[in-house]
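Read the structure below first, then the notes.
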Amino acid sequence: MELWPGVWPVLLLLFLLLLFLLPTLWFCSPSAKYFFKMAFYNVWILFLAVLAIPVCAVRGRNVENMKILRLMLLHIKYLYGIRVEVRGAHHFPPSQPYVVVSNHQSSLDLLGMMEVLPGRCVPIAKRELLWAGSAGLACWLAGVIFIDRKRTGDAISVMSEVAQTLLTQDVRVWVFPEGTRNHNGSMLPFKRGAFHLAVQAQVPIVPIVMSSYQDFYCKKERRFTSGRCQVRVLPPVPTEGLTPDDVPALADRVRHSMLTVFREISTDGRGGGDCLKKPGGVGDARL
């Protein structure tokens, strides 16, 4: 259908206004810059997933495809001017299955995860991610393990299967035991599923702490600039000989050690701010 001739000047005017408005918002409005950056972050990941899918599909669903996703995502930190420093990588056990537990702040955790992700390691993610378009399919092809957190029985069943997979296929899993993102510069009480998994499989727990993003990112303030993030790999925590009765104390002990390191590497002489509040206490948390 041919547009009415009088429409073209209006469309041209709108286009010119848009060209003027976007740079103005970018330089004059930190909130607009925040939303632009987050929108691009998510769209870019979906686009990269589209590129990864045909490459991963050659193997089918395989944990080795996680190497492809990692390779394609590593550059994102440079786009945002974020310097990721990794310390303690020598603590990863060299040749055995284990369970990684890490604090969870935002979708930006992906940057730190890809920087330090060990071989044959896949995340355990909420089932909703499976339906996140190209990203969901790419994650499925990479062997990401999906659980329905709303159905505790199914989640426990999946964890039992994962325990067998750890031992028979030499796989490592990455779990965010807080269960949800935490933007308050603290560390939420840990759910115990990851610790039950490690005890059931009798494999070590490797804690990983990512420093607070308050130096460059704050959702409450709509602030997203360049900055530095430190990723600290802590010594493995053995579980040999432990039973399900030992899980609550194990979870609390690991959380305490991670919280201590989180406070240490998150202040680093820069102080706090609205996005770095005093962490809360340990509460009762279950799968």
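Numbering (the numbering used here), first residue to last: 5 to 291. Glycine included, every Cβ here is placed at the ideal spot set by N, Cα and C.
Of L192, D219 and D174, the smallest CA-CA separation from L263 is found for L192. Excluding the 5 residues flanking it on each side, F39 has same chain C-beta neighbours closer than 8 Å at R226, in chain order.
DSSP places M214 inside the beta strand (DSSP E), whose first and last residues are I209 to M214.
DSSP, reduced to helix, strand and coil, places K223 outside both helices and strands of the structure shown, so it counts as coil. The straight-line gap separating the alpha-carbon atoms of R196 and P58 is approximately 36 Å. Note that the stretch 217-225 does not touch the stretch 125-135; fewer than 3 beta-carbon pairs, one per stretch, sit closer than 8 Å. For K81, same chain residues with a beta-carbon under 7 Å away, outside a window of 5 residues either side, are V88 and L115 in chain order. The continuous alpha helix (DSSP H) containing R74 extends over residues M70 to L77. Secondary structure at S270: helix, using DSSP grouped into helix, strand and coil.
For G231, the enclosing beta strand (DSSP E) begins and ends at G231 to V237.
In the DSSP secondary-structure assignment, P127 is bridged to W178. Per DSSP, the continuous beta strand (DSSP E) segment holding F150 begins and ends at I149 to I151.
Taking 8 Å as the cut-off, the beta carbon of S110 is found closer than this to the beta carbon of Y217.
Contact annotation: L73 and A146 have beta-carbon atoms nearer than 8 Å.
As for any beta strand (DSSP E) of minimum length 3 sitting wholly inside the stretch 84-148, the runs are 86-91, 103-106 and 125-130, ordered along the chain. By the Cβ-count criterion, R65 is exposed, with fewer than 16 other Cβ atoms from all chains shown falling within 10 Å of its own Cβ. Under the three-state reduction of DSSP, F44 is assigned to helix.
If the five residues before and after R131 are omitted, its C-beta is found closer than 8 Å to the C-beta atoms of F150, I151, D152 and R153, all from its own chain and listed in chain order. A residue is called buried once 16 or more other Cβ atoms fall within 10 Å of its Cβ, and Q234 is buried on that count.
Restricting attention to V104, Y84 and I86, the CA atom closest to the CA of A93 is found in V104. In this chain, the alpha helix (DSSP H) harbouring F199 covers G197 to A205. Shown here for A53: same chain residues with a beta carbon closer than 6 Å to its own, the five before and five after excluded, namely S138, A139 and A142 in chain order. In the three-state reduction of the DSSP assignment, V67 falls in the helix class, which pools H, G and I. Put simply, the backbone Cα of P98 is about 44 Å away from that of P34. Remark: C-beta atoms of P208 and V251 do not approach each other more closely than 8 Å. Between F180 and A255, the C-beta gap is not smaller than 8 Å, which leaves the two residues out of contact. Rounded to whole angstroms, the gap between the alpha carbons of L77 and F220 is 19 Å. Between P211 and L238 the beta-carbon gap is near 4 Å, inside 8 Å, which marks them as a contact.
Cβ-Cβ distances below 6 Å link W178 to V104, C125 and P127 in the same chain, with the five nearest sequence neighbours on each side left out; the list follows chain order.
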